[in-house]
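K.L.:
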Amino acid sequence: MSILVVGSRGSALALRQTRQIVEEVERLNPGVTCRVEVIKTTGDKILDVPLAKIGDKGLFVKEIELALIEGKIDFAVHSAKDLPSEMDDRLVVTAFPERECPADAFVSKVGALSELPKGAMIGTSSLRRRAQILAARPDVSVLDLRGNLDTRLRKLDDSEYDAIILACAGLYRMGLESRITEMLPYEVCLPAAGQGALAVQCRKDDPACEIIGRLDHSLTRACVSAERALLAGLGGGCQIPIAALAREENGALKLDAAVAALDGKRIERGSAVGDIAAGEELGKRLAGELLDSPARDLLEEIRRSDEPKSIGAA
């Protein structure tokens with residue numbers, strides 16, 4: 008019997024996601040068994056500072072990737088949206104399993120987003136969500152929210168916020184879909200690149216690649232590759248409100264993207280359609296088109312601003 012060690016963050020959601028992957032690995036590879044190694048990341052250790060203030064590169068993956076490079080683990084399970092757009096060339100994402108719902112969930116004690124009273128307090132750890140919510144409801148207050156899924160829900164239940172925004176995928180994976188008040192439409196809140204998808208990472212050319220590769224879902228890979236290429240092309244990260252979502256539409260791949268001002272008063276959008284087999288090229292193409300549009304000026308304005316440091320991002 009072959010034993011593979013998988014690296015994971017230690018939150019309940021991260022471990023649930025990792026165990027789901029482990030079950031699939033063992034099901035598709037008789038004779039293989041997996042052992043989970045919990046690794047604490049920078050983003051897990053610092054909980055009282057907005058993420059954008061800590062830094063922008065691999066806050067939730069760096070320590071896990073290092074363990075993989077050093078051979079302490081055989082593969083790693085990440086939320087795809089946590090992976091920096093530029094990855095260490097010694098590593099490879101061997102599998103993007105089939106994606107869960109990529110939408111954002113509005114979780115509230117007082118109703119849908121449109122029903123919130125003026126001045127309502129909404130919690131989020133994301134500049135992207137903050138900007139789009141302020142675009143839709145400029146009369147509410149958007150406040151920083153850190154902590155794992157249970158902590159965020161508890162803060163809502165304790166009335167620290169009137170509503171919070173979370174990824175639908177995490178709530179579904181934890182069996183908490185009943186907490187969703189409203190699934191935010193994409194035209195209101197376009198998700199982060201990779202949201203709802205998992206990325207299973209191996210060392211390049213390692214024997215584990217063949218084993219893990221059996222979990223790869225071709226459409227999910229095409230979509231996430233397009234979104235990540237768009238993000239890389241725009242120089243995006245957690246300090247810039249960039250949203251991207253690719254979907255299959257009429258046999259082709261459609262990619263929608265948005266760059267938002269931090270206060271939500273301006274959003275530049277773009278979309279492109281291409282071959283499903285060429286997701287990365289589609290993302291690069293749309294990034295180029297946005298950089299030839301007013302989105303370039305907006306990106307430069309955001310980078311010059313100190314405001315991103317005032318709230319976290321995810």
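Heads up: the sequence shown begins at 8 in this note's numbering, then just goes up one per residue.
Ideal placement from N, C-alpha and C gives every residue a C-beta, glycine not left out.
1) Which parts of the segment 72 to 106 are runs of the beta strand (DSSP E), unbroken and 3 residues or longer, counting only runs that do not cross its ends?
2) Between the Cα of residue 140 and those of 295, 267, 297 and 283, spot the shortest distance and give me the residue it belongs to.
3) From the DSSP output, in three-state form, read off residue 232 for me.
4) Return yes when the Cβ of residue 80 is within less than 8 Å of the Cβ of residue 29, no when it is not.
5) Identify whether residue 9 lies in helix, strand or coil by the three-state DSSP scheme.
6) Could you give the distance in angstroms between the alpha-carbon of residue 290 and the alpha-carbon of residue 132?
7) Can you look up residue 194 in the DSSP assignment and give me helix, strand or coil?
8) Within 8 Å, do at least three Cβ pairs link the segment 238 to 255 to the segment 118 to 135?
9) To the nearest angstrom, how far is it from the Cα of residue 16 to the Cα of residue 207?
10) First and last residue of the alpha helix (DSSP H) that includes residue 249?
11) DSSP state of residue 279, grouped into three classes?
12) Is residue 42 buried or exposed, if buried means 16 or more other CB atoms sit within 10 Å of its CB?
13) When the Cα of residue 50 is compared with those of 155, 95, 220 and 223, which residue comes out closest?
14) Are the CB atoms of residue 142 and residue 10 nearer to each other than 8 Å?
15) In angstroms with no decimal places, state the Cα-to-Cα distance between residue 176 and residue 107.
16) Would you kindly report the start and end of the unbroken beta strand (DSSP E) that includes residue 147?
17) To the nearest angstrom, how far is the alpha carbon of residue 184 from that of residue 256?
18) Which class does residue 129 belong to by DSSP, given the choice of helix, strand or coil?
19) Take residue 321 and list the residues in its own chain whose beta-carbon comes closer than 6 Å to its own, dropping the five residues that flank it on each side.
20) Counting along the chain, where does the alpha helix (DSSP H) carrying residue 175 start and finish?
21) Check residue 30 in the structure and name its three-state DSSP category.
22) Residue 44 bridges to which residues according to DSSP?
23) For residue 302, report the span of its alpha helix (DSSP H) as first-last.
P.N.:
The relevant details are as follows:
1) You should have 82 to 86 and 98 to 102.
2) Restricting attention to 295, 267, 297 and 283, the CA atom closest to the CA of residue 140 is found in 267.
3) The DSSP-derived three-state label of residue 232 is helix.
4) Against a cut-off of 8 Å, the Cβ pair of residue 80 and residue 29 comes out as no contact.
5) In the structure shown, residue 9 sits in a strand (DSSP, three-state: E or B).
6) Going by the C-alpha atoms only, they are around 25 Å apart.
7) In this structure, residue 194 counts as coil in the three-state DSSP scheme.
8) A contact exists between the segment 118 to 135 and the segment 238 to 255.
9) The alpha-carbon atoms of residue 16 and residue 207 are separated by roughly 13 Å.
10) In the DSSP assignment, residue 249 falls outside any alpha helix (DSSP H) and within the unbroken beta strand (DSSP E) covering 249 to 256.
11) In this structure, residue 279 counts as strand in the three-state DSSP scheme.
12) That one is exposed.
13) It is 155.
14) Going by C-beta atoms, residue 142 is not nearer than 8 Å to residue 10.
15) Spanning the two alpha carbons is a distance of roughly 5 Å.
16) Run containing residue 147: none; DSSP gives neither H nor E here.
17) Counting only the Cα atoms, residue 256 lies some 26 Å from residue 184.
18) In the three-state reduction of the DSSP assignment, residue 129 falls in the strand class.
19) In this prediction, residue 321 has a pLDDT of 39, which is less than 50 and means its spatial position is unreliable; what the coordinates show is noted afterwards. Non-local C-beta neighbours of residue 321 in its own chain, meaning closer than 6 Å and more than five positions away in sequence, comprise 132 and 133, ordered along the chain.
20) Taken as a continuous stretch (DSSP letters only), the alpha helix (DSSP H) holding residue 175 covers 175 to 180.
21) The answer is helix: DSSP assigns residue 30 an H, G or I state.
22) Paired residues: 14.
23) First-last of the alpha helix (DSSP H) with residue 302: 302 to 311.
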